[in-house]
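Below is one structure, written out as structure tokens; the observations come after it.
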Amino acid sequence: MTIDAAPRPLAPATAATRTRVDFWFDPACPFAWITSRWILEVERLRDLDVRFHVMSLYLHNVGNELPDWYRDLVDRSLGPARVAVAAAERSGDGILRDLYTAYGTRIHQGGDKDFDRVTAEVLAELGLPAQLAAAAHTDAYDAGLQRSHDAGTDPASGGYVGTPTLHLDGTPFFGPVLNAIPRGEQAAELFDAVRVLAGNPHFFELKRERTGRLSFA
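Numbering (my numbering), first residue to last: 2 to 218.
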């Protein structure tokens, strides 16, 4: 199969053709990172209105029994999520795309798990006040984090979908969960398939066993 190296020209945007994509992320979640890079790849080839929102692995796992290694990640993930909310409250939700890219490039592609150090670098890169790093260690932004997290739930049931969470024109999805980032037309074809499923009111689940290792390339 041939993969186009350059994006195809987009048809003029109309209310009928443009797809709104709301994407919920936790900076520490590797699967959310891969899916987010996929949707940004699709953005080059399809007419999308992509908006980023903050969710929380910590809030998602309140009351859950977790392996020690995952509990450590979940507990530490609260810091970057709080900082993301603080940055959005200061600069608007539009900052979240670049902030998430700066976080994910360091945490997932760079393998840096020192979230305090990463946060300081992210704020400096985006020209945000260094003082926002303090949000990681206070509950001052937890109410805002809870609101953002809850906005990602399924409006019909009120239940949380999962991470990554994607809403296509208001239809909530858990996933797609990917091991690697599809590129070019492969990315667009996957999106087209997901959009078809989102348009079917009777569809609710499709799953298979996970194989292979994660790739952030």
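Virtual Cβ for every residue (Gly too), placed ideally from N, Cα, C.
Which listed residue (the options) has its alpha carbon closest to that of residue i
{"i": "H138", "options": "S216, L215, G64, A82", "result": "A82"}
{"i": "S216", "options": "V22, T20, T36", "result": "T36"}
{"i": "I40", "options": "D27, V22, P31", "result": "V22"}
{"i": "S149", "options": "F26, T18, A188, R19", "result": "F26"}
{"i": "T164", "options": "D115, G153, L146", "result": "G153"}
{"i": "D99", "options": "D115, L129, L179", "result": "L129"}
{"i": "I182", "options": "R118, G93, R38", "result": "R38"}
{"i": "R184", "options": "P28, A29, E44", "result": "E44"}
{"i": "T106", "options": "W34, D155, D115, H168", "result": "W34"}
{"i": "R72", "options": "L198, Q132, C30, A141", "result": "C30"}
{"i": "F32", "options": "H203, E206, F175", "result": "F175"}
{"i": "S78", "options": "D143, R91, P177, S92", "result": "D143"}
{"i": "W70", "options": "P173, K114, L124", "result": "K114"}
Per-residue DSSP class, three states only, for residue i
{"i": "F53", "result": "strand"}
{"i": "T15", "result": "Residue placement at T15 is poorly supported in this model, since its pLDDT is 45, which falls under 50; the coordinates are not used for a value here."}
{"i": "F26", "result": "strand"}
{"i": "T106", "result": "helix"}
{"i": "K190", "result": "For clarity, residue 190 is Glu in the given sequence; the question names Lys instead. Reduced to three states, the DSSP call for E190 is helix."}
{"i": "F217", "result": "coil"}
{"i": "E44", "result": "helix"}
{"i": "R209", "result": "coil"}
{"i": "R184", "result": "coil"}
{"i": "D155", "result": "coil"}
Same chain, Cβ closer than 7 Å to residue i, five either side skipped, listed in chain order
{"i": "V75", "result": "L58, Y59, N62, L67"}
{"i": "E126", "result": "A103"}
{"i": "Q110", "result": "F217"}
{"i": "A189", "result": "V43, L46, R47"}
Bridge-paired residues (DSSP) for residue i
{"i": "L169", "result": "V22, T172"}
Own chain partners of residue i with C-beta closer than 6 Å, once the 5 adjacent residues on each side are dropped
{"i": "L97", "result": "F53, A89"}
{"i": "N201", "result": "none"}
{"i": "V55", "result": "A82, A85, V86, S149"}
Sequence-distant residues of the same chain with beta carbon closer than 8 Å to residue i, five excluded per side
{"i": "A12", "result": "Only weak support exists for where A12 lies, its pLDDT of 43 falling under 50; the coordinates are left without a value."}
{"i": "D117", "result": "G80, A134, A137"}
List, from N- to C-terminal side, the alpha helix (DSSP H) runs of 4 residues or more that fit wholly inside the segment 59-123. 69-92, 96-105
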